[in-house]
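There are 2 protein chains.
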Amino acid sequence: MTDTDDTSKEIFGFFTEIGIINQLSTALLAQALPDGVHPSHFAILNHLTLRGDGKAPVKIASAMQVTKNTMTHSLKVLEERGYIDVKPDPKDGRAKLVYLTSKGQQFREGAIQEVSAMFGKIIGPEQLDIMRRTHGDLGKMRQHLDENR
Amino acid sequence: MTDTDDTSKEIFGFFTEIGIINQLSTALLAQALPDGVHPSHFAILNHLTLRGDGKAPVKIASAMQVTKNTMTHSLKVLEERGYIDVKPDPKDGRAKLVYLTSKGQQFREGAIQEVSAMFGKIIGPEQLDIMRRTHGDLGKMRQHLDENR
DNA sequence: CATATATAGTTCGACATCGAACTTAATGGA
DNA sequence: TCCATTAAGTTCGATGTCGAACTATATATG
Chain A
454 MTDTDDTSKE IFGFFTEIGI INQLSTALLA QALPDGVHPS HFAILNHLTL
504 RGDGKAPVKI ASAMQVTKNT MTHSLKVLEE RGYIDVKPDP KDGRAKLVYL
554 TSKGQQFREG AIQEVSAMFG KIIGPEQLDI MRRTHGDLGK MRQHLDENR
Chain B
454 MTDTDDTSKE IFGFFTEIGI INQLSTALLA QALPDGVHPS HFAILNHLTL
504 RGDGKAPVKI ASAMQVTKNT MTHSLKVLEE RGYIDVKPDP KDGRAKLVYL
554 TSKGQQFREG AIQEVSAMFG KIIGPEQLDI MRRTHGDLGK MRQHLDENR
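Here it is in structure tokens:
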């Protein structure tokens, strides 16, 4: 058993835990969301609310860590539901700009209520402590991976 | 801004970081894996190696946090590639048992080499420290979510 | 023993995601 | 200015995943 093996095990173990937590939390989120709204759709509405709308799809795709074609598909779904407006960018003939509608804002707020209530049943003081302890480290890890991909 | 809102933000923020780290690390893994081998396939081979083979698909599905039908599909892919053997369970007429083949073992070992080399380029001492610091907490969080899903 | 319930696996339809190729528009260098 | 390159968005085909419904077998209950 060499050092390299041990290090590999640590790395695999860490990412395995991350993967399972992601899997379980995403499943919980999907369960709390109404209709056929996928967690990724919810994440887009959240992003537009917290970071501001009027952005190009390719910017949102980059922020959400998905490809352009995936974003095209997701935005089509959100537009069909009336949660966003997609207009051509007057400054750039190639680009479009994405805007939240009031219906989209209302939907997001309602979903936030349900999701928060659901998480409140599962996340206790001990879990909050873990979140507070690890959040800074996880942010650094995320930043490092993002910069070196 | 109420306490509930703050708590919700903490929870969302934590799971958002987890989701991005998972996204980026999975993308890295997919990039390092040869052919059309998906990270989930690699995870199954890993599981069979580390935890032992001769298990029923439903057990593997539970361990991998995916549904039975997904496991049926994944095992079909692995079997077509000759990485596993799937035989009927002599003790239970409903069940099957999954065994790693030598070809599957060889494939896994080679993949481990490539993946480790790739992670070695990206994961530095600082990231290893983060992994060591957070691993225990993440394990507790994973366990709690797993028990309360 | 007989029937009801639970479990293992499969099949089907739906959907999110990806990579590759394509179209159109912007940009930068000869 | 003209052409090559880059960038934004779309389309296409493939794949992983899920939920629901189904078949076959095992287990429990009367």
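So the sequences go chain by chain: A and B. With the working numbering as the guide, the letters of the first sequence map in order to residues 454 to 602. With the working numbering as the guide, the letters of the second sequence map in order to residues 454 to 602. Idealized CB from N, CA, C, for every residue including glycine.
Asked                                                                                                                 : Found
Pair within 9 Å by beta-carbon distance, leucine 501(B) and lysine 508(B)                                             : yes
For valine 519(A), three-class secondary structure by DSSP                                                            : coil
Opening and closing residue of the alpha helix (DSSP H) in which proline 578(B) lies                                  : 578-600
Short Cβ contact (9 Å threshold) for isoleucine 464(B) with methionine 584(A)                                         : yes
The segment 512-523 of chain B contacting the segment 466-480 of chain B, beta-carbon criterion three pairs below 8 Å : no
Interface flag, methionine 454(B) vs chain A, CB-CB below 9 Å                                                         : Reliability of the predicted coordinates at methionine 454(B) is poor, the pLDDT of 45 falling under 50, and the value obtained from them is presented with this limitation in mind. Answer no: the Cβ-Cβ gap between methionine 454(B) and chain A never drops below 9 Å.
For valine 511(A): DSSP bridge partner residues                                                                       : For valine 511(A), which the question treats as bridged, DSSP gives no partner whatsoever.
Leucine 503(B) to aspartate 458(A) span [Cα, whole Å]                                                                 : 13 Å
Three-state secondary structure (DSSP) of aspartate 459(A)                                                            : helix
Rounded straight-line distance, which links the Cα of threonine 479(A) to that of glycine 589(A)                      : 21 Å
Beta carbon of alanine 638(A) nearer than 9 Å to that of proline 487(A)                                               : In this structure chain A extends from 454 to 602, so residue 638(A) is not present and cannot be described.
Boundaries of the alpha helix (DSSP H) in which lysine 574(B) is found, first to last residue                         : 555-575
Start and end residues, beta strand (DSSP E) containing proline 541(B)                                                : 537-541
Test: serine 555(B) CB closer than 9 Å to a CB of chain A                                                             : no
Counted within 10 angstroms of its Cβ, other Cβ atoms place glutamine 580(A) as buried (16 or more) or exposed        : buried
Any C-beta of chain B under 9 Å from that of aspartate 590(A)                                                         : yes
For leucine 486(A), three-class secondary structure by DSSP                                                           : coil
Under 9 Å (Cβ pairs) to chain A, residues found in the segment 520-532 of chain B                                     : none
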